[in-house]
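Below is one structure, written out as structure tokens; the observations come after it.
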Amino acid sequence: MKIKDYFAEKRSRVADWYTQDTSAIPLYCKVTDKVLDMIVTLSDPREASLAVVDENNHVVGIVTGRDIVLYMGTHRVIEENLTVDALMTANPKTGTPEMLCIDALKIMIEGRFRNLPIEVDGKFVGILSILAAAKGRLMETMAKNTEAYESLKSLSDGMPEIDIENTTQDAFKLVSDSKAPFVSVKENNEIVDFLMDYDLRRIWLKQQ
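Per the working numbering, the sequence shown starts with residue 5, numbered consecutively.
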């Protein structure tokens with residue numbers, strides 16, 4: 005396993021933070037569904053958006069409570085036969101459960117929207133809110149203790165160093181041969197993280 009892959013495994017992923025679509029919490033509707041039938045669902049703060057799917061359960065749009073408010077602001081009334089496709093944002097960006105929370109957060113911030121439909125193999129499975137993505141990113145940041153990181157950095161002089169593209173086996177051998185308590189991990193010649201000897205020993209044992 006490459007060192008960069010080991011670090012990636014420790015990062016917060018969408019899988020742990022998105023709301024899954026279930027029969028108890030429906031998070032999608034069809035293109036041909038009537039808007040009037042969706043109003044009650046979209047008025048619930050927990051379900052402020054719905055993915056719009058086609059007959060293959062592929063996401064083709066997203067509709068929010070705000071879309072309804074904007075429509076009423078212009079038309080004053082929701083017509084009885086008005087269907088979701090008239091209000092939805094077509095072809096929205098989607099994510100996957102394997103995506104990092106930080107990447108999903110960037111998509112929503114750059115696109116200026118608050119909910120990201122999640123798909124697996126092109127089929128809708130749930131929705132990630134911008135708040136949930138932010139929480140996932142926050143937990144990831146908190147997991148990396150800044151004070152401990154800076155302390156290790158100050159002690160890194162004379163300690164073995166290894167590039168992030170190397171493997172964890174390479175790092176284990178380096179620490180074992182040098183009998184150092186940790187190895188500094190570099191990317192583009194800058195220290196970006198550290199691997200402790202006990203972590204590397206645990207990884208090595210798992211791979212045997």
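Cβ coordinates follow ideal geometry from the N, Cα and C atoms, glycine included.
Inset, instruction - Output the residue ranges of the alpha helix (DSSP H) runs that lie fully inside the stretch 8-87 and measure 4 residues or longer, sorted by chain position. - result: 39-46 and 69-79
Legend entry - Residues bridged to A94 [DSSP beta-bridge criterion]: G65
Inset, instruction - State yes or no: is the C-beta of K190 within less than 8 angstroms of the C-beta of D167? - result: yes
Legend entry - Sub-8 angstroms separation of I122 and T98 beta-carbons: yes
Inset, instruction - Flag this pair as yes or no: are the beta carbons of C33 and V88 separated by less than 8 angstroms? - result: yes
Inset, instruction - Following the continuous alpha helix (DSSP H) through D197, name the residue where it begins and the one where it ends. - result: Run containing D197: none in the alpha helix (DSSP H); it sits in the beta strand (DSSP E), E194 to M200.
Inset, instruction - Compare the beta carbon distance of S53 and N119 with 8 angstroms and say whether it is the shorter of the two. - result: yes
Legend entry - Assigned secondary structure, I134 (DSSP; H/G/I helix, E/B strand, else coil): helix
Inset, instruction - Just tell me which of D174, T45 and P30 has its CA closest to the CA of V129. - result: P30
Inset, instruction - Identify, in the order they occur along the chain, each residue of the same chain with its Cβ nearer than 6 angstroms to the Cβ of T36, setting aside the five sequence neighbours on each side. - result: T87
Legend entry - Chain-order list of residues whose beta-carbon lies under 6 angstroms from that of L209 (same chain, five-residue window excluded): none
Legend entry - Rounded Cβ spacing between A175 and L204 (contact assumed at less than 8 angstroms): 6 angstroms
Legend entry - Cα-Cα separation between M42 and L142, rounded to whole angstroms: 33 angstroms
Legend entry - Which of helix, strand or coil DSSP assigns to L159: coil
Inset, instruction - Classify D203 as helix, strand or coil using the three-state DSSP reduction. - result: helix
Inset, instruction - Please work out which residues of its chain come closer than 8 angstroms, Cβ to Cβ, to S47, disregarding the five sequence neighbours upstream and downstream, and give them in chain order. - result: G69
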